[in-house]
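Below is one structure; the comments refer to it alone.
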Amino acid sequence: MEHKVNEIQISYREKLGTLKSLSITNSKEMAQLLYRNWDADTIGLHETFKIVLLNRSNKVKGIYPLSHGGITGTLVDMRILFAIVLKTLSVGIILTHNHPSGQLKASEMDKQLTQKIQRAAQLFDVQVLDHIILAPDGNYYSFADHGLM
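In my numbering, the protein residues as written are 268 to 416.
Below you can see the structure in the form of structure tokens.
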């Protein structure tokens, strides 16, 4: 009896050269970049969780929309998050999600999720540099700026 298995192929291709991309130096720059790249029609409608993928020089490789949720929350699948991080060979990430209500305060669930992702990232030598919460008006809350990272 012959046994067959799937052949696994992994690929990664950049459309834009990372070396030419923006290098992030502070939360304000990151929040502005995120706000410009967020769908203005949905930022006040439902929560979306995204990850910003970075190289060693903190240059943005891309932004990946990980999940779309409801008015008060969204689920984050850790396996998919780290599959994206590892597939893109990213060494740093910035977590981000929006609060449609405009409330710029990290919930206890936001804090717990961030800590869980930080613990997992350590296993892969990936740095979680910040977690930014965006409001529909462009204001933001940075975990790093508030000593939560």
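All residues carry an ideal CB built from backbone N, CA and C; glycine is no exception.
All figures in this text were calculated on a predicted structure; none of them were measured in a lab.
Original post:
Nearest to residue 316 by alpha carbon, out of 331, 392 and 303?
Top reply: Your numbering for residue 316 matches position 49 in the sequence shown. The residue from 331, 392 and 303 with its alpha-carbon nearest to that of residue 316 is 331.
Original post:
Using the C-alpha atoms, what's the distance from residue 347 back to residue 373?
Top reply: Sequence index remark: in the sequence shown, residue 373 carries index 106 (1-based). Sequence index remark: in the sequence shown, residue 347 carries index 80 (1-based). Distance from the CA atom of residue 373 to the CA atom of residue 347, rounded to whole angstroms, is 23 Å.
Original post:
Cβ atoms of residue 326 and residue 290: under 8 Å apart, would you say?
Top reply: Your numbering for residue 290 matches position 23 in the sequence shown. Your numbering for residue 326 matches position 59 in the sequence shown. In this structure, residue 290 sits near residue 326, with a CB-CB distance shorter than 8 Å.
Original post:
If you draw a straight line from the C-alpha of residue 402 to the C-alpha of residue 342, how long is it?
Top reply: Along the sequence shown, one-based indexing puts residue 402 at 135. Along the sequence shown, one-based indexing puts residue 342 at 75. In a straight line, the C-alpha of residue 402 is about 18 Å away from that of residue 342.
Subject >> Unbroken stretches of the alpha helix (DSSP H), 4 residues or longer, contained in the segment 279-343 >> reply: The qualifying runs are 294-303.
Original post:
Looking only at C-alpha atoms, which of 404, 406, 405 and 350 sits nearest to residue 384?
Top reply: As a position in the sequence shown, residue 384 is number 117, starting the count at 1. Ranking 404, 406, 405 and 350 by CA distance to the CA of residue 384 puts 350 first.
**OP:** Just mark residue 307 as buried or exposed, buried being the case when its beta carbon has 16 or more other beta carbons within 10 Å.
**Re:** If you number the sequence shown from 1, residue 307 lands on position 40. Around the beta carbon of residue 307, a 10 Å sphere encloses fewer than 16 other beta carbons of the protein chains shown; the residue is thus reported as exposed.
**OP:** Starting from the N-terminal side, write out each stretch of the beta strand (DSSP E) that is 3 residues or longer and does not extend beyond the segment 345-395.
**Re:** Every beta strand (DSSP E) of 3 residues or more that sits fully in the segment 345-395 is shown, in chain order, as 359-365.
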